[in-house]
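Basically our numbering = 1-based index in the sequence shown + 753.
Here a beta-carbon is modelled for each residue, glycine too, at the ideal position from N, C-alpha and C.
If you're wondering where the values come from, they're calculated on a predicted model, not measured in any experiment.
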Amino acid sequence: MKRRASYAIEPLGQGATHLVRHGGTKAAILFAPMGPGEPYQLYPHPDTYRSLTFEGLPAPLRPEFMAFPTLEAVRAFLGLAVSEPDHAEMALAA
754 MKRRASYAIE PLGQGATHLV RHGGTKAAIL FAPMGPGEPY QLYPHPDTYR
804 SLTFEGLPAP LRPEFMAFPT LEAVRAFLGL AVSEPDHAEM ALAA
């Protein structure tokens, strides 16, 4: 029986930006809140979804694309178990 690929949240460099993978595919980029009360923002990864361009977006980003109030909401949307977050996710939540 073939196992379905699942999502994973990984750090992307040194900032608060993270990569969301679906199996071996770069599925999305996850941006941490820009400030208190701001949402997490999830965007399709431009390497995978080439029709997406960030040209013309208002600074810093277009929050209405996919905004989530908490990291737990992002995890639930991706179908990840709400459990002990890994080190990458702890850094994202900080």
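From the options, residue whose alpha carbon lies closest to that of residue i
{"i": "M787", "options": "A829, R828, A820 and E825", "result": "A820"}
{"i": "T770", "options": "L795, G777, E791 and G790", "result": "L795"}
{"i": "P789", "options": "F818, H775, G777 and P822", "result": "P822"}
Residues near residue i in its chain [Cβ-Cβ closer than 7 Å; skip 5 each side]
{"i": "L833", "result": "Y760"}
{"i": "L772", "result": "E763, L765, K779 and I782"}
{"i": "L814", "result": "Confidence at L814 is low in this model, with a pLDDT of 49, below 50, so the placement of that residue is unreliable and no value is reported for it."}
{"i": "P816", "result": "Bear in mind that a pLDDT of 47 at P816, under 50, signals an unreliable position, so the model cannot answer this."}
Counted within 10 angstroms of its Cβ, other Cβ atoms place residue i as buried (16 or more) or exposed
{"i": "Q767", "result": "exposed"}
Beta-carbon proximity list for residue i, same chain, < 8 Å, skipping 5 on both sides
{"i": "A826", "result": "Y793"}
- [ ] Check whether the region 773-782 touches the region 792-800, taking contact to mean three or more Cβ pairs, one atom from each stretch, closer than 8 Å.
- [x] The region 773-782, when compared against the region 792-800, does touch it at the 8 Å Cβ threshold.
- [ ] May I have a chain-ordered list of the beta strand (DSSP E) segments no shorter than 3 residues that lie completely inside the region 758-806?
- [x] The qualifying runs are 760-764, 770-775, 778-784 and 793-797.
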